[in-house]
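Visitor: Handing you this structure, nothing more for now.
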Amino acid sequence: MKKSIKILGLLFITTILVASCSKENDPVDDNFFVGTYKGSVSFSESDSDTTISTSDGKVTLVKVGDTYNFDFSDGIPSLKGIKMEKNQSVLLSLDGAIKIDEGTLLIGYNKDGKNWVANCKR
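Right under this line is the structure:
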(Lines of atoms letter the chains of each structure in order from A and count residues from 1; the text may use other names and numbers.)
(Lines give C-alpha, C1' and ligand atoms only; values in the text may rest on other atoms or scores of the structure.)
Protein backbone atom coordinates (compact mmCIF):
# COMPACT_ATOMS: atom_id res chain seq x y z
CA MET A 1 0.00 0.00 0.00
CA LYS A 2 2.81 2.43 0.86
CA LYS A 3 4.49 1.68 -2.46
CA SER A 4 1.26 2.45 -4.36
CA ILE A 5 0.88 5.79 -2.56
CA LYS A 6 4.48 6.72 -3.37
CA ILE A 7 4.00 5.89 -7.05
CA LEU A 8 0.75 7.85 -7.24
CA GLY A 9 2.40 10.78 -5.46
CA LEU A 10 5.32 10.78 -7.92
CA LEU A 11 2.93 10.61 -10.88
CA PHE A 12 0.94 13.54 -9.48
CA ILE A 13 4.05 15.68 -8.96
CA THR A 14 5.40 14.77 -12.41
CA THR A 15 2.09 15.73 -14.02
CA ILE A 16 2.09 19.11 -12.29
CA LEU A 17 5.70 19.80 -13.32
CA VAL A 18 5.09 18.87 -16.95
CA ALA A 19 1.94 21.00 -17.12
CA SER A 20 3.63 24.03 -15.54
CA CYS A 21 6.69 23.88 -17.83
CA SER A 22 4.87 24.74 -21.03
CA LYS A 23 6.99 25.40 -24.13
CA GLU A 24 4.43 27.96 -25.30
CA ASN A 25 5.93 31.34 -24.48
CA ASP A 26 4.31 34.50 -25.72
CA PRO A 27 6.63 37.36 -26.67
CA VAL A 28 4.01 39.89 -25.57
CA ASP A 29 3.65 38.42 -22.07
CA ASP A 30 7.28 38.19 -21.04
CA ASN A 31 10.81 39.23 -21.87
CA PHE A 32 11.95 35.71 -22.75
CA PHE A 33 12.61 36.68 -26.37
CA VAL A 34 14.48 39.89 -25.58
CA GLY A 35 18.18 39.55 -26.36
CA THR A 36 20.61 39.13 -29.22
CA TYR A 37 20.11 36.82 -32.18
CA LYS A 38 22.98 36.04 -34.59
CA GLY A 39 22.86 35.09 -38.25
CA SER A 40 22.37 36.58 -41.68
CA VAL A 41 20.97 40.12 -41.90
CA SER A 42 20.45 42.46 -44.80
CA PHE A 43 19.00 45.86 -45.57
CA SER A 44 18.21 47.75 -48.74
CA GLU A 45 16.75 51.16 -49.46
CA SER A 46 15.23 51.77 -52.87
CA ASP A 47 15.55 55.58 -52.76
CA SER A 48 19.32 55.64 -52.28
CA ASP A 49 20.41 52.27 -53.73
CA THR A 50 21.85 51.38 -50.31
CA THR A 51 22.44 47.68 -49.72
CA ILE A 52 24.03 46.09 -46.64
CA SER A 53 24.28 42.34 -46.22
CA THR A 54 26.24 39.99 -43.98
CA SER A 55 25.99 36.35 -42.93
CA ASP A 56 27.61 37.16 -39.56
CA GLY A 57 25.28 39.87 -38.25
CA LYS A 58 23.29 40.45 -35.09
CA VAL A 59 19.83 41.66 -34.21
CA THR A 60 19.17 42.85 -30.67
CA LEU A 61 15.53 42.62 -29.71
CA VAL A 62 14.35 45.25 -27.23
CA LYS A 63 10.85 45.35 -25.76
CA VAL A 64 9.47 48.79 -24.87
CA GLY A 65 5.96 48.54 -23.40
CA ASP A 66 3.97 46.50 -25.89
CA THR A 67 6.18 47.30 -28.89
CA TYR A 68 9.46 45.85 -30.09
CA ASN A 69 12.56 47.49 -31.50
CA PHE A 70 14.97 45.47 -33.63
CA ASP A 71 18.49 46.92 -33.49
CA PHE A 72 20.66 45.55 -36.31
CA SER A 73 24.45 45.38 -36.52
CA ASP A 74 26.66 46.48 -39.42
CA GLY A 75 25.17 49.95 -39.84
CA ILE A 76 21.68 48.69 -40.63
CA PRO A 77 19.02 51.10 -39.33
CA SER A 78 16.83 49.88 -36.49
CA LEU A 79 13.30 48.69 -37.10
CA LYS A 80 11.28 50.36 -34.34
CA GLY A 81 7.76 50.40 -32.96
CA ILE A 82 6.62 46.95 -34.08
CA LYS A 83 3.48 46.07 -32.15
CA MET A 84 2.51 42.46 -31.57
CA GLU A 85 -0.83 41.36 -30.18
CA LYS A 86 -1.21 39.04 -27.20
CA ASN A 87 -0.55 35.37 -28.05
CA GLN A 88 1.11 36.36 -31.32
CA SER A 89 4.64 35.14 -32.02
CA VAL A 90 4.20 35.64 -35.77
CA LEU A 91 3.33 39.07 -37.14
CA LEU A 92 1.86 39.11 -40.64
CA SER A 93 1.00 42.50 -42.09
CA LEU A 94 0.99 44.33 -45.38
CA ASP A 95 4.54 45.46 -44.53
CA GLY A 96 5.89 41.93 -44.12
CA ALA A 97 6.36 39.17 -41.57
CA ILE A 98 8.24 38.72 -38.30
CA LYS A 99 8.51 35.42 -36.42
CA ILE A 100 9.97 35.15 -32.92
CA ASP A 101 10.37 32.01 -30.83
CA GLU A 102 12.70 30.61 -28.20
CA GLY A 103 15.67 30.28 -30.53
CA THR A 104 14.81 31.85 -33.88
CA LEU A 105 14.14 35.31 -35.27
CA LEU A 106 12.93 35.63 -38.86
CA ILE A 107 12.23 39.03 -40.42
CA GLY A 108 11.08 40.01 -43.89
CA TYR A 109 9.82 43.59 -43.54
CA ASN A 110 9.33 46.52 -45.92
CA LYS A 111 8.51 50.02 -44.67
CA ASP A 112 8.82 53.35 -46.49
CA GLY A 113 10.95 51.86 -49.28
CA LYS A 114 13.31 50.20 -46.79
CA ASN A 115 13.68 46.41 -46.61
CA TRP A 116 14.94 44.45 -43.61
CA VAL A 117 15.69 40.73 -43.75
CA ALA A 118 17.02 38.54 -40.94
CA ASN A 119 17.44 34.82 -40.39
CA CYS A 120 18.98 34.54 -36.93
CA LYS A 121 19.32 32.11 -34.05
CA ARG A 122 20.28 32.49 -30.39
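Take my numbering: the last position of the sequence shown gets the number 172, and nothing is skipped along the way.
All C-beta atoms in this analysis are idealised placements derived from N, C-alpha and C, irrespective of residue type, glycine included.
Just to confirm, is the Cβ distance from Phe122 to Leu111 under 8 Å?
Guide: Start at 1 with the first residue of the sequence shown, and residue 122 comes out as number 72. Start at 1 with the first residue of the sequence shown, and residue 111 comes out as number 61. Cβ distance not < 8 Å, so Phe122 and Leu111 don't count as in contact.
Visitor: Ser98: buried (16+ other C-beta within 10 angstroms of its C-beta) or exposed?
Guide: Position 48 of the sequence shown, counting from 1, holds the residue named residue 98. Exposed, by the Cβ-count rule.
Visitor: Starting from Lys130, follow its DSSP beta bridges and name the residues at the other end.
Guide: Here the question's residue 130 lines up with position 80 in the sequence shown. For Lys130, which the question treats as bridged, DSSP gives no partner whatsoever.
Visitor: With a 10 Å radius around its C-beta and 16 neighbouring C-beta atoms as the bar for buried, classify Ser92 as buried or exposed.
Guide: For the purposes of this step, residue 92 is taken as residue 42 along the sequence shown, with counting starting at 1. Ser92 is buried by the Cβ-count criterion.
Visitor: My assumption, with CB atoms under 8 Å, is that Ser90 sits in contact with Asn169. Please give the rounded CB distance.
Guide: Indexing the sequence shown from 1 puts residue 90 at position 40. Indexing the sequence shown from 1 puts residue 169 at position 119. With a Cβ gap of about 5 Å, Ser90 and Asn169 count as contacting.
Visitor: Residue range of the beta strand (DSSP E) that Gly146 falls in?
Guide: For the purposes of this step, residue 146 is taken as residue 96 along the sequence shown, with counting starting at 1. Here the beta strand (DSSP E) through Gly146 covers 146 to 150.
Visitor: Helix or strand or just coil, what does DSSP make of Glu135?
Guide: As a working note, residue 135 is residue 85 in the sequence shown. In the structure shown, Glu135 sits in coil (DSSP, three-state: anything other than H, G, I, E or B).
Visitor: Considering only C-alpha positions, which residue in the set Ile102, Gly158, Asp162, Leu155 is nearest to Ile15?
Guide: Residue 15 is absent from the model: the chain starts at 51 and stops at 172.
Visitor: Name the DSSP bridge partner or partners of Val167?
Guide: For the purposes of this step, residue 167 is identified with residue 117 of the sequence shown, where counting begins at 1. According to DSSP, which records beta bridges pairwise, Val167 is partnered with Ser92, Gly158.
Visitor: In three-state DSSP terms, what is Leu141?
Guide: Taking the first residue of the sequence shown as position 1, residue 141 is located at position 91. Here Leu141 sits in strand by DSSP.
Visitor: Three-state secondary structure (DSSP) at Asp106?
Guide: Counting from one through the sequence shown, the residue named residue 106 turns up at place 56. Three-state result, Asp106: strand.
Visitor: Quick one, are the C-beta atoms of Gly153 and Lys171 less than 8 Å apart?
Guide: Counting from one through the sequence shown, the residue named residue 153 turns up at place 103. Counting from one through the sequence shown, the residue named residue 171 turns up at place 121. Against a cut-off of 8 Å, the Cβ pair of Lys171 and Gly153 comes out as a contact.
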